[in-house]
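Residue numbers (our numbering): 33 to 261. Structure first, commentary second.
Here it is as C-alpha cells:
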C-alpha cells in the first residue's frame with residue numbers, strides 16, 4: 033500500500049504541521065518511515081509497505097544525485113525496463129519503482145508515464161531545476177490527492193486526511209495526468225476510444241479472457257506471500 037506526503041514550500045511552521053499530519057497515514061506503510069527536509073525548498077516523507085525488494089535499499093524517498101522520489105505502485109514491466117536502462121544507470125535496489133528515475137532522466141515525466149505498464153502515483157523533486165513533478169496512472173488505481181497550502185504552494189499526499197488540515201480545498205490528482213511543476217497535463221485518457229472493435233462476440237469474449245488472465249498473472253510477482261480478495 034505505502035503512503036507519502038509532499039510539501040513544496042518553505043514555511044517553517046507549515047512544515048512542522050506537515051510532519052504531524054503525515055503520521056495520520058502511517059498505517060499505510062508499517063515497515064519503514066523516512067523523511068527528507070529540503071528547508072526552504074520543501075519536504076517529503078514516505079511510509080513503506082515492503083512488497084518488491086524487502087531490503088532497506090528499496091526504502092524511499094529514492095535518491096539519485098539531484099533527484100528525490102516517492103512512489104506508491106507496482107510497475108509490471110520493471111524487469112525489462114531495468115534491463116534497458118542498466119547500461120547508463122546503476123540501480124541501488126531491486127525496487128520496481130526505482131526504474132522511474134532513469135526513465136525520467138532520459139524521457140521526462142510525460143513520456144515516462146506513457147511507457148509504464150503500472151498502477152502508480154509518484155512525486156519527484158529535481159533540485160537542479162528546483163521543481164516538483166508528479167504523475168498518476170491512467171485508471172487512478174493508486175490514490176493521490178493535492179491541495180494548496182496557506183502559502184500557495186502545492187502539496188501531495190496518498191490520502192485526504194494528510195492534507196485536509198493544511199489546505200483549504202483538497203482534490204483527487206486526475207488519473208492519466210502529470211504535474212510538470214506548473215500545470216497538469218494529460219498523458220492518457222482511457223475514455224477516449226479511437227476505434228471500436230468489429231469482432232464477433234465469441235472473439236470478444238476470447239480476448240477478454242486472455243487479457244484478464246494476463247492481468248492476473250502479472251500481479252502475482254512479489255517478494256512476499258500473495259493473497260486474493
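Note that CB positions come from ideal geometry on N, CA and C, so glycine has one too.
N-terminal and C-terminal residue of the beta strand (DSSP E) that residue i is part of
i, result
"residue 247", "It is not in any beta strand (DSSP E) - residue 247 instead sits in the alpha helix (DSSP H) that spans 233-249."
"residue 76", "75-80"
"residue 168", "163-168"
"residue 37", "35-39"
Residue i, enclosing alpha helix (DSSP H) - first and last residue
i, result
"residue 145", "132-147"
"residue 46", "44-54"
Buried versus exposed call for residue i [16 or more other C-beta atoms within 10 Å across all chains shown]
i, result
"residue 41", "buried"
"residue 227", "exposed"
"residue 224", "exposed"
"residue 98", "exposed"
"residue 36", "buried"
"residue 144", "buried"
"residue 190", "buried"
"residue 186", "buried"
"residue 82", "buried"
"residue 156", "buried"
"residue 134", "buried"
"residue 248", "exposed"
"residue 238", "exposed"
"residue 94", "buried"
"residue 77", "buried"
"residue 113", "buried"
"residue 233", "exposed"
"residue 198", "buried"
"residue 176", "buried"
"residue 184", "exposed"
"residue 202", "buried"
Paired residues, beta bridge with residue i - DSSP
i, result
"residue 65", "79"
"residue 156", "101, 165"
"residue 150", "107"
Closer than 8 Å: residue i CB and nearest the ligand COA heavy atom
i, result
"residue 91", "Looking for the ligand COA in the displayed structure turns up nothing, as the structure carries no ligands at all."
Notebook entry, point to check: Whole beta strand (DSSP E) runs in the region 172-219 with 3 or more residues, listed along the chain?
Noted result: Restricting attention to beta strand (DSSP E) runs no shorter than 3 residues, the region 172-219 encloses them at 177-181, 186-189, 199-204, 209-211, 216-218, ordered along the chain.
Note to self: Ignoring anything shorter than 4 residues, give me the alpha helix (DSSP H) runs that lie fully in the region 74-119, in order along the chain.
What the structure shows: The region 74-119 contains these whole alpha helix (DSSP H) runs: 110-117.
Margin query: I want to know whether the region 136-155 touches the region 103-111 - three or more CB-CB distances under 8 Å.
Written below: They touch, by the three-pair rule.
Note to self: Whether or not the region 127-138 and the region 89-96 are in contact is what I'm after, with contact meaning three or more pairs of Cβ atoms, one per stretch, closer than 8 Å; do they touch?
What the structure shows: yes
Next item on the list: Evaluate the contact criterion for the region 190-206 versus the region 51-58: three or more CB pairs, one atom per stretch, below 8 Å.
Entry: yes
Notebook entry, point to check: So, do the region 197-211 and the region 60-78 have three or more beta carbon pairs nearer to each other than 8 Å?
Noted result: The region 197-211 makes no contact with the region 60-78: fewer than 3 CB pairs, one atom from each, lie closer than 8 Å.
Notebook entry, point to check: Between the region 167-180 and the region 118-128, are three or more C-beta pairs nearer than 8 Å?
Noted result: no
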